[in-house]
Each structure stands twice: as C-alpha cells, then as structure tokens.
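Structure record follows, encoded as structure tokens.
Protein chains: 2
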Amino acid sequence: MVQAKTWVLIKHFDGFPKNSNFELKVEELPEPKDGGRKMSMSDSTFNEPSCTYILLFRISFVLEVLLEAVFLSVDPYMRPFSAFRMKEGDVMIGTQVAKVIQSKNPAFPVGSHVVSRSGWRTHSVSDGTDLVPVMPEWPQDVSLSLALGSIGMPGLTALYGIEEVLGLQKGETLLVNAAAGAVGSVVGQIAKIKGCKVVGSAGSDAKVAFLKELGFDEAFNYKTVDSLEEALKKASPEGYDCFFENVGGASSSVTLQQMKDFGRIAVCGTISTYNDTNPQTGPYPHFAMIVKQLKMEGFMQSRWEHKHPESIKRLMGWLKEGKLQFREHITKGFENMPAAFMGLLQGENIGKAVVAV
Amino acid sequence: MVQAKTWVLIKHFDGFPKNSNFELKVEELPEPKDGGRKMSMSDSTFNEPSCTYILLFRISFVLEVLLEAVFLSVDPYMRPFSAFRMKEGDVMIGTQVAKVIQSKNPAFPVGSHVVSRSGWRTHSVSDGTDLVPVMPEWPQDVSLSLALGSIGMPGLTALYGIEEVLGLQKGETLLVNAAAGAVGSVVGQIAKIKGCKVVGSAGSDAKVAFLKELGFDEAFNYKTVDSLEEALKKASPEGYDCFFENVGGASSSVTLQQMKDFGRIAVCGTISTYNDTNPQTGPYPHFAMIVKQLKMEGFMQSRWEHKHPESIKRLMGWLKEGKLQFREHITKGFENMPAAFMGLLQGENIGKAVVAV
Chain A
12 MVQAKTWVLI KHFDGFPKNS NFELKVEELP EPKDGGRKMS MSDSTFNEPS CTYILLFRIS
72 FVLEVLLEAV FLSVDPYMRP FSAFRMKEGD VMIGTQVAKV IQSKNPAFPV GSHVVSRSGW
132 RTHSVSDGTD LVPVMPEWPQ DVSLSLALGS IGMPGLTALY GIEEVLGLQK GETLLVNAAA
192 GAVGSVVGQI AKIKGCKVVG SAGSDAKVAF LKELGFDEAF NYKTVDSLEE ALKKASPEGY
252 DCFFENVGGA SSSVTLQQMK DFGRIAVCGT ISTYNDTNPQ TGPYPHFAMI VKQLKMEGFM
312 QSRWEHKHPE SIKRLMGWLK EGKLQFREHI TKGFENMPAA FMGLLQGENI GKAVVAV
Chain B
12 MVQAKTWVLI KHFDGFPKNS NFELKVEELP EPKDGGRKMS MSDSTFNEPS CTYILLFRIS
72 FVLEVLLEAV FLSVDPYMRP FSAFRMKEGD VMIGTQVAKV IQSKNPAFPV GSHVVSRSGW
132 RTHSVSDGTD LVPVMPEWPQ DVSLSLALGS IGMPGLTALY GIEEVLGLQK GETLLVNAAA
192 GAVGSVVGQI AKIKGCKVVG SAGSDAKVAF LKELGFDEAF NYKTVDSLEE ALKKASPEGY
252 DCFFENVGGA SSSVTLQQMK DFGRIAVCGT ISTYNDTNPQ TGPYPHFAMI VKQLKMEGFM
312 QSRWEHKHPE SIKRLMGWLK EGKLQFREHI TKGFENMPAA FMGLLQGENI GKAVVAV
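Structure, rendered in structure tokens:
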C-alpha cells in the first residue's frame with residue numbers, strides 16, 4: 012500500500028488563487044492490478060427494420076502501473092480550466108513526469124519514465140491509457156523536466172501555433188507576448204530558426220535581457236514603457252505580420268491596431284484575464300479586423316496530437332543543435348506546488364515553471 | 012457645361028447621422044477631355060555606383076466620359092469609413108450605376124452602363140480608370156440596380172465570405188445576422204445552394220417572414236425573443252459550424268458561446284457599433300476562442316477582385332435559375348440620399364437599399 016500526497020482544490024478560485032483554495036491530502040493507493048478484465052460497452056445500435064439490438068462490448072485486460080512523480084508542471088491554463096473541468100474536492104489537474112516504480116504492464120517497465128496527466132499527486136496508479144512514454148531516445152544529458160517544457164506541451168504549443176495556425180513565413184515579423192514564459196520563449200526561437208524578425212514583450216528587465224540572449228531582435232518591458240502602442244511601433248514601425256497572443260485583455264486591443272493588413276493572430280492564452288472575478292471588457296475587435304482583414308484563431312496543442320512524436324523529435328533536434336535554448340524556474344518540494352502556481356500567475360518565472368518533488 | 016448635384020459631408024458624424032451632417036451642393040463639371048496627354052512619374056531610382064538617376068514617366072492619353080447616375084448605393088460601411096477616408100467638405104463616398112452620356116473613350120460608349128465609385132453625385136467625369144462596365148450580357152429583364160446589390164458588391168461579399176473565408180461545407184450549419192439585409196439575404200441563399208442548414212437573425216417580423224420565403228431553415232426576430240442565447244440554442248441545439256457576422260457588439264459575445272468546436276466566423280460588418288461615439292465594450296473573445304478553437308477573420312470583397320467577373324456570372328446564373336431571390340428597398344430622388352442612408356442604419360430596409368435618381 013502506497014500513500015500518495017495530493018493537492019486538492021477545496022474551494023474554487025475567486026480572483027487570484029490563495030493558499031486557502033488548496034489542501035494537501037493523503038490518499039491510500041491500491042496495488043497495481045494485474046490482468047483483471049475490464050468490460051466496457053463501446054457501442055450499441057438498434058437496427059429498426061430487422062428489430063435487432065446490437066451491443067458491442069470491449070473486453071480489455073487491465074495492466075496497471077504505479078507511478079512516482081519526479082517533476083510536476085504548473086501552467087497558466089490550470090487557473091481557468093479549473094472552473095469548468097473540476098469540482099471542489101478534486102485533485103488539481105496537471106501533467107507530470109513520473110517514474111514507473113511498479114509495473115504489471117510490459118509497455119511501461121519499472122524505471123522508465125512517462126508523462127502522465129494524473130494531476131498534482133506524488134503517486135498514482137494508471138492502467139496506461141493516459142500515459143505517454145518519454146521519447147525513447149531521450150538523451151542522458153537533457154533533464155527530463157523538459158518533457159513538461161520546451162520538449163513537451165509548451166514547446167509543442169509554440170511549434171503548432173507557428174506552423175499550423177500562423178503559417179509563419181521567412182522574412183515576416185512576429186510579435187509574441189509573455190515572451191519569456193514557457194511557450195513564448197520557444198515561439199521566439201522557432202521564429203528565428205524560420206528566418207523571421209522577432210519582437211518580444213515581457214514583464215521585467217531580467218526577462219528582457221533573457222530574450223536578447225535568446226536572439227530576439229527587439230524586446231521591451233511592457234511594465235516600464237511609456238506606452239505599449241509606441242513600444243510596438245518603435246520595435247517594428249512597419250507593423251506585424253503575425254502575433255502569438257499569450258496575454259489577452261487590454262493589450263490585445265492595442266496590438267490589433269499594429270498588425271499589418273492580412274495579419275494573423277494565434278490565440279494561445281489570455282493570462283491577464285485568468286484571475287478576473289468579473290470579466291474585463293474592452294472594445295470589440297471586429298471593426299479593426301475588417302479594415303485590416305485580420306485572421307485570429309484560438310488553439311490548443313492537443314489538436315495535432317498525431318504529430319507529437321515527430322514534433323518532439325524536431326524540438327529535441329533544435330535543442331541539441333543549440334538553436335533552442337531554455338531556462339527553467341524550478342521550485343523544490345511537492346508541498347510548494349500552490350506557491351509555484353501562484354508565483355507563475357504573478358510572472359515570477361523566467362522560462363518554464365516546474366516543481367521538483 | 013453640366014451641373015452635378017452632390018451630397019457633401021460638411022461635418023463628420025458624431026453618433027447617429029443627422030441631416031445637418033450633409034449639404035446638397037452643385038458642381039460645374041468640365042467637358043470630358045479628348046486625348047490630352049497626362050504624364051505621371053511612375054518610378055525613380057538613384058543608382059549609387061554609377062551615379063545615374065533614373066526617372067520613369069508614364070505617358071497616358073486621357074479619354075474621358077461624362078456619367079449620369081441612375082442608381083446610387085447606400086451601404087452601412089459608409090458610416091465608419093467616412094471617419095478615416097473622408098475629410099469634411101468631401102463628397103460622400105459610394106458606388107453608383109451610371110449611364111455614359113458623353114464619351115471620348117471607346118471602352119465606354121454612349122448609352123452603356125458602368126459601376127462607378129464617384130460617390131453621391133448625379134453626374135461625374137471620369138477617365139475610365141475607376142469604372143467597371145456592367146457585365147456585358149446583363150439580361151434586359153434584370154434591373155441594373157442589382158449591380159449594386161445581389162449581383163454587385165453585397166452579393167460578392169456574401170459569396171467570398173462563404174467560399175474564401177468560411178470554406179462552408181455541405182451539411183454544415185450557418186448562422187447569419189442582419190439576415191434580411193443586402194449581404195445577409197444572399198449569404199443565406201448561397202448557403203442553401205451549398206446544402207447547409209441556415210439560421211437567420213433579423214430585426215422585424217416582416218424580415219423574418221422574408222427569410223422564410225427565401226428558404227432559411229430557421230429565423231427569428233432578435234428584438235422580440237426573450238434571450239438571444241435561447242433563440243440560438245433553439246434554432247440549432249447542436250451549435251453552429253459557421254457564423255457570418257454583420258452586426259458585432261454585444262450579440263457577438265453571445266454567439267461565440269454557441270459555436271461548435273473549430274467553428275469559423277467571417278467578420279463582414281459590425282453595424283451595431285457604427286454609430287458609437289464612445290466605442291462599446293464587451294468581454295474579450297480570446298478565452299472562448301481558445302477553448303472552442305475558433306477561427307475569426309475580417310474581410311472585404313475587394314481582396315478577390317480578380318475573381319469578380321467569374322463570380323458575377325455565377326451570381327447572375329443563380330438569379331436566372333430562381334435560386335437567388337432578392338428584394339430591394341428603393342428610395343426615389345437624389346435629394347433623399349441622406350434619408351435613405353439614415354433609414355438603412357435604422358434597419359428600415361428589407362434587402363438592398365438603393366436610391367433611384
């Protein structure tokens with residue numbers, strides 16, 4: 012019998028998350044099951060002409076594993092998604108890199124690592140259906156934590172946003188905000204790999220310095236510039252072909268006006284609105300979109316899940332070639348997960364925010 | 012010497028247009044010129060190594076025509092575009108069907124008809140560069156006024172919005188608002204031709220009855236329904252694949268929530284905001300766009316000008332086959348142009364609003 016520590020959302024967030032929203036609980040986990048049969052109805056149809064009722068059952072063998080969390084992710088999406096994907100009393104949603112410590116499933120041998128969606132837990136039992144093995148040729152000298160960052164969900168988000176949503180072309184100018192974050196920092200670097208001019212907005216001078224290290228052509232601290240409009244104009248007087256939107260809110264209206272005609276906007280996140288109790292309001296974007304003939308698309312990386320294996324290889328390739336640099340903001344100790352999450356929402360991190368157990 | 016009556020914007024609109032924004036003026040027109048040479052500099056380059064300054068001049072022969080307006084268009088876009096495409100004292104922008112009454116240009120013989128962008132004028136002199144001849148095989152039994160409506164800019168807007176922006180597919184469900192207007196009524200009918208379910212929103216019971224005549228599957232009066240949200244849900248409980256947006260403002264936020272995942276929105280107009288002195292505000296659309304992975308694109312028909320001749324033939328073909336019905340709201344008398352325009356902005360019209368001289 013293994014005891015799992017879990018962080019439970021005991022009260023839905025209202026405004027900025029507080030310690031009192033979370034409670035550390037201990038769960039007793041059963042032993043991983045071996046070969047038990049699980050029967051589920053996978054389809055049923057009633058065939059009227061012949062009056063036949065067809066039931067299709069799926070019989071599968073349950074081959075469970077016991078996982079121990081090594082790195083846990085804290086991500087901005089957890090704040091808004093908690094409102095409609097969780098009820099009070101649920102373990103916080105989230106992804107982790109975990110080590111298989113017991114296995115009845117040959118696909119996941121003991122000692123191997125997986126990415127699991129088991130949430131904020133130190134241990135979990137899984138039948139394998141929600142697990143993705145960490146890339147088989149994961150290099151020894153690359154931290155597994157990157158499977159939650161540049162070589163994981165945020166990196167894939169950056170890649171698909173650029174290639175599938177924006178269709179960014181060589182020579183174009185791209186703007187990305189929250190540019191020193193887990194997604195933004197990868198966005199800027201992929202855009203550089205593609206031969207583009209990259210402008211980044213971030214919320215501290217240290218973040219701006221980091222963006223310059225990464226090779227951004229222009230970067231500014233949106234908290235200290237006199238005017239966002241002027242900063243955007245100065246960084247690219249001719250406007251922007253593409254905009255990778257991570258922030259939303261009032262800045263989105265300012266940026267819209269700086270797009271070139273036929274500009275494209277990939278809407279990935281809207282962190283400036285996640286802690287609103289009453290939604291912020293602003294001018295409607297429609298008229299500016301008509302006059303400039305802009306395209307704006309919201310997306311989540313899961314849409315291109317079928318491309319993940321190949322995409323992860325590409326990201327790892329760029330990393331090994333030195334074209335994709337990264338920084339991580341690692342918080343130690345599972346007990347500090349709420350603090351890491353709240354710090355992320357306050358913009359404390361440069362690069363990916365991760366908790367090491 | 013011909014006298015042209017013109018409607019001049021003497022004071023920029025502030026809020027809803029008023030009679031006092033306009034003034035009827037008389038302009039003396041010169042005789043159309045014959046063969047005079049016009050020289051314009053079309054390019055110049057300074058070639059540094061050889062210190063050669065190259066000037067390229069374009070010499071063209073001015074072959075002018077005198078036009079007499081037959082039908083003049085009033086369109087919602089004139090309200091917002093006046094703010095940045097006009098200065099006080101300019102003749103109101105707009106398109107007209109005009110008859111060539113004097114011609115020094117063999118491309119536009121006397122008696123032929125053209126679509127001209129000469130604005131709110133009874134007469135104008137043109138060198139032909141801004142004129143489009145009315146489709147050569149324009150059927151005798153089809154009013155030339157349709158070159159400003161279903162077989163003109165609004166019809167082309169509907170067609171390109173559906174085909175180029177939305178990529179509407181057979182079997183999908185489309186929502187269009189301002190559905191009884193010049194654009195909306197064509198949108199719904201093209202969507203029916205393409206085998207789609209069509210839901211229309213309009214602002215009077217008479218308009219709703221018109222939409223039913225046109226073959227819309229569902230139509231409602233947004234002014235009398237208890238709740239727009241409920242009306243949209245009732246008309247298509249499974250949501251909407253595509254949304255052709257003519258209205259904007261508060262209704263846009265409600266509609267966003269009724270889109271299906273991966274829904275597409277063609278942003279054509281935002282008439283509900285055109286008379287704002289202070290821009291209306293509403294919740295930012297970004298988060299809803301992320302969760303549903305929506306795509307929204309603003310557009311103007313001029314983007315596909317190269318397709319106009321073929322597109323006009325297709326629209327005319329549908330009209331002759333009875334698949335594209337139309338209604339016009341014709342105001343008689345050039346002196347009534349401001350009244351026709353203000354009536355349009357108040358939603359008085361069913362179908363295309365046109366002024367017959």
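Protein chains in written order, with this note's numbering: chain A, 12 to 368; chain B, 12 to 368. Glycine included, every Cβ here is placed at the ideal spot set by N, Cα and C.
Quiz item: If we ignore side chains and look at the alpha-carbon of each, how far apart do V219/A and H340/A end up?
Solution: Reading the first sequence from its first residue, position 208 is the one you call residue 219/A. Reading the first sequence from its first residue, position 329 is the one you call residue 340/A. Using only the alpha carbons, I get a separation of about 16 Å.
Exercise. Step through the CB atoms of chain A and report whether any lies within less than 8 Å of the CB of G172/B.
Key: For the purposes of this step, residue 172/B is taken as the residue at position 161 of the second sequence. Judged by the 8 Å Cβ criterion, G172/B is not in contact with chain A.
Practice problem: Measure the C-alpha to C-alpha separation of T284/B and G259/B and round it to an integer number of angstroms. | Solution: Mapped onto the second sequence, residue 284/B falls at position 273. Mapped onto the second sequence, residue 259/B falls at position 248. Rounded to the nearest angstrom, the two C-alpha atoms are 7 Å apart.
Quiz item: Should V85/A and V366/A be called a contact, given that it needs their Cβ atoms to be closer than 8 Å?
Solution: Against the first sequence, residue 85/A aligns to sequence position 74. Against the first sequence, residue 366/A aligns to sequence position 355. Result yes, Cβ atoms of V85/A and V366/A sit closer than 8 Å.
Practice problem: Taking the CB atoms as reference points, tell me whether G3/A and A118/A lie closer together than 8 Å. | Solution: No statement about residue 3/A is possible, as the shown extent of chain A runs from 12 to 368 and does not include it.
Quiz item: Mind checking if R314/B is an interface residue toward chain A, Cβ cutoff 8 Å exclusive?
Solution: As a working mapping, residue 314/B is identified with position 303 in the second sequence. Yes, R314/B lies at the interface with chain A (some Cβ there is under 8 Å from its Cβ).
Self-check item: Ranges of the alpha helix (DSSP H) found wholly within the segment 159-230 of chain B, counting only runs of at least 4
Solution: 164-171, 195-204 and 216-224
Exercise. Consult DSSP for E39/B and reduce its assignment to one of helix, strand or coil.
Key: Sequence index remark: in the second sequence, residue 39/B carries index 28 (1-based). In the structure shown, E39/B sits in a strand (DSSP, three-state: E or B).
Self-check item: Spatial neighbours of P144/B in its chain, beta-carbon cut-off 6 Å, leaving aside the 5 residues before and after
Solution: Numbered from its first residue, the second sequence carries residue 144/B at position 133. Around P144/B: V125.
Exercise. Would you kindly work out how many angstroms separate the C-alpha atoms of R275/A and L267/A, rounded to a whole number?
Key: As a working mapping, residue 275/A is identified with position 264 in the first sequence. As a working mapping, residue 267/A is identified with position 256 in the first sequence. Cα to Cα, R275/A sits roughly 10 Å from L267/A.
Quiz item: Do V81/A and N116/A have their C-beta atoms closer together than 8 Å?
Solution: As a working note, residue 81/A is residue 70 in the first sequence. As a working note, residue 116/A is residue 105 in the first sequence. No.
Self-check item: Supposed contact pair L155/A and V210/A - C-beta distance, whole angstroms, cut 8 Å
Solution: Against the first sequence, residue 210/A aligns to sequence position 199. Against the first sequence, residue 155/A aligns to sequence position 144. Actually they are not in contact, since the Cβ atoms of V210/A and L155/A sit about 32 Å apart, beyond 8 Å.
Practice problem: Go to M327/A, then tell me how far its alpha helix (DSSP H) extends in each direction, as first and last residue. | Solution: By one-based count along the first sequence, residue 327/A stands at place 316. From DSSP, the alpha helix (DSSP H) with M327/A extends over H319 to K331.
Practice problem: Assess, as a yes-or-no matter, whether the segment 180-197 of chain B is touched by the segment 356-366 of chain B under the definition of 3 or more beta carbon pairs within less than 8 Å. | Solution: yes
Quiz item: Rounded to a whole number of angstroms, what is the C-alpha to C-alpha distance between R90/B and N360/B?
Solution: Taking the second sequence and counting its residues from 1, the one referred to as residue 90/B is at position 79. Taking the second sequence and counting its residues from 1, the one referred to as residue 360/B is at position 349. So the alpha carbons of these two residues sit roughly 16 Å apart.
Practice problem: Under 8 Å by Cβ, that's how I've got M307/B and M300/B pegged, so tell me the actual separation to the nearest angstrom. | Solution: Taking the second sequence and counting its residues from 1, one reaches residue 307/B at position 296. Taking the second sequence and counting its residues from 1, one reaches residue 300/B at position 289. M307/B to M300/B, Cβ: 7 Å. Contact.
Quiz item: Listed in chain order, which residues of the segment 197-218 of chain B have Cβ atoms closer than 8 Å to some Cβ of chain A?
Solution: none
Exercise. Starting from G354/A, follow the alpha helix (DSSP H) in both directions and report where the run begins and ends.
Key: Translated into the one-based positions of the first sequence, residue 354/A becomes position 343. M348 to L356 is the span of the alpha helix (DSSP H), which, as asked, contains G354/A.
Quiz item: DSSP three-state call for K386/B: helix, strand or coil?
Solution: Absent from the structure is residue 386/B, since the part of chain B shown begins at 12 and ends at 368.
Quiz item: In terms of alpha-carbon separation, which member of I201/A, S313/A, H317/A and E240/A lies closest to K326/A?
Solution: By one-based count along the first sequence, residue 326/A stands at place 315. Note that residue 326/A is Leu in the sequence shown here, rather than Lys. Nearest C-alpha to L326/A: I201/A.
Quiz item: Secondary structure at R275/B, three-state DSSP: helix, strand or coil?
Solution: Position 264 of the second sequence holds residue 275/B. R275/B falls in the strand class under three-state DSSP.
Quiz item: Going along chain A, which residues have a C-beta under 7 Å from M311/B?
Solution: In the second sequence, residue 311/B corresponds to position 300, counting from 1. What M311/B touches in chain A: I301 and Q304.
Exercise. Give, in chain order, every residue of the segment 316-350 of chain B whose Cβ lies closer than 7 Å to some Cβ of chain A.
Key: none
Practice problem: In the DSSP assignment, find the unbroken beta strand (DSSP E) run with L78/B in it and report its ends. | Solution: The residue you call residue 78/B lines up with position 67 of the second sequence. L78/B -> beta strand (DSSP E) spans V76 to S84.
Quiz item: Under the rule that 16 or more other beta-carbon atoms within 10 Å means buried, what is L35/A, buried or exposed?
Solution: In the first sequence, counting from the first residue as 1, residue 35/A sits at position 24. It counts as exposed.
Quiz item: Roughly how many whole angstroms lie between the Cα atoms of S127/A and G172/B?
Solution: On the first sequence, residue 127/A is found 116 positions in, with the first residue counted as 1. On the second sequence, residue 172/B is found 161 positions in, with the first residue counted as 1. C-alpha separation (whole angstroms): 43 Å.
Quiz item: Are any of the Cβ atoms in chain A nearer than 8 Å to that of P28/B?
Solution: As a first step, residue 28/B is located in the second sequence; it is residue number 17 there, counting from the start. Cβ-Cβ to chain A under 8 Å: no for P28/B.
Self-check item: Interface residues of chain A facing T168/B [CB-CB closer than 7 Å]
Solution: Numbered from its first residue, the second sequence carries residue 168/B at position 157. Here the premise fails: no neighbours, minimum Cβ distance about 11 Å.
Practice problem: Please name the residue or residues paired with H297/A in a DSSP beta bridge. | Solution: Taking the first sequence and counting its residues from 1, the one referred to as residue 297/A is at position 286. BP columns for H297/A are empty, so no partner.
Quiz item: Between A364/B and chain A, is there a C-beta pair that is closer than 8 Å?
Solution: Stepping through the second sequence from its first residue, residue 364/B is reached at position 353. No, because no Cβ of chain A sits closer than 8 Å to the Cβ of A364/B.
Practice problem: For Q291/B, return the contacting residues in chain A, with the cut-off set at a CB-CB distance below 7 Å. | Solution: For the purposes of this step, residue 291/B is taken as residue 280 along the second sequence, with counting starting at 1. Result: Y295.
Exercise. Could you pull the start and end residues of the beta strand (DSSP E) that M89/A belongs to?
Key: Looking up residue 89/A in the first sequence gives position 78. Here M89/A belongs to no beta strand (DSSP E); instead the alpha helix (DSSP H) covers M89 to R96.
Practice problem: Pull up the distance between the alpha-carbon of T292/B and that of N30/B, whole angstroms please. | Solution: For the purposes of this step, residue 292/B is identified with residue 281 of the second sequence, where counting begins at 1. For the purposes of this step, residue 30/B is identified with residue 19 of the second sequence, where counting begins at 1. Rounded to whole angstroms, T292/B to N30/B spans 28 Å at the Cα level.
Exercise. Quick one: measure Cβ to Cβ for F255/B and M270/B, integer angstroms, because I've assumed they're closer than 8 Å.
Key: Start at 1 with the first residue of the second sequence, and residue 255/B comes out as number 244. Start at 1 with the first residue of the second sequence, and residue 270/B comes out as number 259. No, F255/B and M270/B are not in contact; Cβ-Cβ is about 12 Å, not under 8 Å.
Quiz item: In three-state terms, what does DSSP make of A118/A?
Solution: As a first step, residue 118/A is located in the first sequence; it is residue number 107 there, counting from the start. Residue state, collapsed to three classes: coil.
Exercise. Examine chain A for any beta-carbon lying closer than 8 Å to the beta-carbon of G260/B, and answer yes or no.
Key: Your numbering for residue 260/B matches position 249 in the second sequence. Answer yes: the Cβ-Cβ gap between G260/B and chain A drops below 8 Å somewhere.
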